[in-house]
Amino acid sequence: MAEVLVYVDHVDGAVRKPTLELLTLARRIGEPVAVALGNGASDTAATLAEHGAVKVLTHEAAEYADYLVVPKVDALQAAHEAVSPAAVLVASSAEGKEIAARLALRLGSGIITDAVDLEAGDEGPVATQSVFAASYTTKSRVSKGTPVITVKPNSAAVEAAPAAGAVESLSVTFSAQATGTKVTGRTPRESTGRPELTEAAIVVSGGRGVNGAENFAIIEALADSLGAAVGASRAAVDAGWYPHTNQVGQTGKSVSPQLYIASGISGAIQHRAGMQTSKTIVAVNKDAEAPIFDLVDYGIVGDLFDVVPQLTEEIKSRKG
Amino acid sequence: MSLRIVVTVKYVPDATGDRHFADDLTVDRDDVDGLLSELDEYAVEQALQISENSDDDVEITVLTVGPEDAKDALRKALSMGADKAIHVEDDDLHGTDAIGTSLVLAKAVEKAGYDLVISGMASTDGTMGVVPALLAERLGVPQVTLLSEVSVADGTVKGRRDGDAASEQLEASLPAVVSVTDQSGEARYPSFKGIMAAKKKPVQSWDLSDLDIDEGEVGLENAYTVVESAAERPARTAGTIVKDEGEGGKQLAEFLASQKFI
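Structure representation (structure tokens):
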């Protein structure tokens, strides 16, 4: 059976959820071979094996943290040479897409980004994408070289599928470009204790109607009652009420949770682009004509300052 | 000292228009009005700010690859304050994918001469966000991308990249390829004077032969990916809309419970 390379996104050995989703998709095409780089790389093996990795290629070197993107491209290229895989899968983070693109160029391969589904096909893997602010769904495949495909978080379920997960060390020679862009400082994000926005099963977002940074506490309280991540529209972020890392929309994060709750968000195309593929959509807005109501499964026309706290209280009392 | 900045821009269909696919499954550009991609305005703005903050003699060239109408995007960038423009236009470019586009841009940037390339974070139509990285790979120069802050001094570009897990400070020697996000600073509006001045600024037109690119390297036929189908997403079935009469939050909780979210 053909092997499929899966690039592992991890923090000091802790594997992030989108990588486990990639393993689910990789198993539809072939046998997953994971590539884990940098500090803690070999600590990823147990988790990856549990989810289907037959092999885990690891390489630890300071270059992965000290320089941007290129060292990881060098390593994936080395893994590609070692394995000759049927496809290379990378999670669709900003960095993931850049790594994948440069790898594809080196391999003489085509690249597909932001797939939301992947299936085996006669002429290679077929990727489903959601385009034009999710108003169209396309199916595409790579027609030249080894397909390099990046997949959005929440595109597949995490499945247990125990495999050998044999750790092998990967031999990597860094290219002349590897040290071109130096990372001179790194400030980790302060953890909010809430789920990662793109990975969360439930997202609760606030927009212009929240009307002030201090009022986001109402949105956060609802999110916490549901164990949800907090999102914000561009209007709320541009007004300085909530950090840009939480922005949902075309120039922010694209999310596809089981449940999306929009409060005080009109639903401009900019925002819809980032949340339209959510499974269930709920909105609270004063304006009955707001375009967000065209998308909802359930909507309340009303003042979010009345509706949202009442909802939060009701959820808390139901959950006991 | 002089600093040559090339800003790559894209002419895209208006995102607020009814965007759709043509029969050959490329983006239909005829039925929807086009404009300079909003995200590229940030790249033009940062080029202008680097120029304004520099003691060097800075020249800003805007570069686009696209059909005849793409000149509108160049005009907009010139009216914001860029010095000159290059339009790569060739019928054989229709349907070129990101890999092919990066080839055309790389050849054009090299022909134009550059110390710094500045791009937007992604286009607003394809939204892949990979062209700056591809361009750096092709040019063999450092990639300093997705910056929300950028500065250039003494042959070095520095910037802040806000990632998911951390905010990183980056540094590279010129020449380099930079991309900037929509957090890098609001783009200026063209002034009346700027609009008038733009009409007199030079716009050069190049085709594939000017760039020594073979037609077999670009275009829909030679793309590295094939779109097999494109279907309009079915409209979401109309949901229940309730006017809040004082119990809206409780009704919403009831709905969430019925869907097993609580």
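Chains as they are written, first to last, in this note's numbering: chain C, 1 to 320; chain L, 1001 to 1262. Note that beta-carbon positions come from the ideal geometry of N, C-alpha and C, so glycine has one too. All values reported here derive from a predicted model rather than from experimental measurement.
Does the beta carbon of residue i sit closer than 8 Å to a beta carbon anywhere in chain C?
i        : result
L1105(L) : no
V1242(L) : yes
K1250(L) : yes
Q1046(L) : no
V1180(L) : no
E1232(L) : yes
P1175(L) : no
A1187(L) : no
A1172(L) : yes
Answer yes or no: do residue i and residue j have a C-beta to C-beta separation smaller than 8 Å?
i        : j        : result
A1133(L) : T1145(L) : yes
K17(C)   : V158(C)  : yes
L23(C)   : P85(C)   : no
S1148(L) : E1059(L) : no
A229(C)  : R194(C)  : yes
A1098(L) : V1062(L) : no
V203(C)  : V56(C)   : no
V54(C)   : A163(C)  : yes
H244(C)  : G231(C)  : no
Q1183(L) : I1118(L) : no
V1104(L) : A101(C)  : no
K133(C)  : Q276(C)  : Residue 133(C) is actually Ala in this sequence, not Lys. Going by C-beta atoms, A133(C) is nearer than 8 Å to Q276(C).
Can you give me the C-alpha to C-alpha distance between residue i and residue j, rounded to a whole angstrom?
i        : j        : result
H80(C)   : V73(C)   : 10 Å
H10(C)   : G38(C)   : 9 Å
S92(C)   : I1195(L) : 39 Å
V315(C)  : G207(C)  : With the sequence shown as reference, residue 315(C) is identified as Ile, and Val is not the correct amino acid for it. Each residue's Cα considered, the two are about 22 Å apart.
V1006(L) : A34(C)   : 39 Å
S130(C)  : T138(C)  : 6 Å
V1177(L) : K1201(L) : 25 Å
L1168(L) : I1241(L) : With the sequence shown as reference, residue 1168(L) is identified as Glu, and Leu is not the correct amino acid for it. Going from the Cα of E1168(L) to the Cα of I1241(L) covers about 44 Å.
T312(C)  : A221(C)  : 7 Å
G249(C)  : S1123(L) : 14 Å
R1160(L) : V1150(L) : 7 Å
G1140(L) : A1197(L) : 35 Å
G121(C)  : F216(C)  : 46 Å
A1223(L) : V307(C)  : 51 Å
L68(C)   : K182(C)  : 6 Å
V126(C)  : D1244(L) : 45 Å
L89(C)   : G180(C)  : 25 Å
A45(C)   : Y7(C)    : 13 Å
D1018(L) : E60(C)   : 49 Å
N154(C)  : D1057(L) : 49 Å
A1128(L) : A1070(L) : According to the sequence as given, residue 1128(L) is Met; it is not Ala. Their Cα atoms are separated by approximately 20 Å.
Answer yes or no: does any C-beta atom of chain L fall closer than 8 Å to that of residue i?
i       : result
R102(C) : yes
G302(C) : yes
T138(C) : yes
R194(C) : no
S278(C) : no
Y298(C) : yes
D306(C) : yes
L311(C) : yes
V230(C) : no
R272(C) : no
I112(C) : yes
S135(C) : yes
S263(C) : no
V326(C) : The structure shown has nothing for residue 326(C), since chain C only spans 1 to 320.
A94(C)  : yes
On the CB-based measure, 16 or more other CB atoms within 10 Å of its CB, does residue i come out buried or exposed?
i        : result
D1033(L) : exposed
T1237(L) : exposed
A14(C)   : exposed
E63(C)   : buried
D297(C)  : buried
P147(C)  : buried
Y1189(L) : exposed
K1010(L) : buried
N1053(L) : exposed
A1043(L) : buried
S140(C)  : buried
E98(C)   : buried
F1192(L) : exposed
D1125(L) : buried
Quick one, which residues of the stretch 140–157 of chain C are near chain L if we go by CB-CB under 8 Å, in chain order? S140, R141, V142, S143, K144, G145
Got a sec: which bits of the stretch 281–295 of chain C sit with their beta carbon under 8 Å from any beta carbon on chain L, in order along the chain? I281, V282, V284, A288, F293, D294, L295
Please list the residues of the stretch 233–249 of chain C that have a C-beta atom closer than 8 Å to any C-beta atom in chain L, keeping them in chain order. H244, T245
Chain-ordered residues of the stretch 1123–1134 of chain L with a beta carbon less than 9 Å from chain C: T1124, D1125, G1126, T1127, M1128, G1129, V1130, V1131, P1132, A1133, L1134
Taking only beta carbons into account, state which residues of the stretch 182–193 of chain C come closer than 8 Å to chain L, listed in chain order. K182, V183, T184, G185, R186, T187, P188, R189
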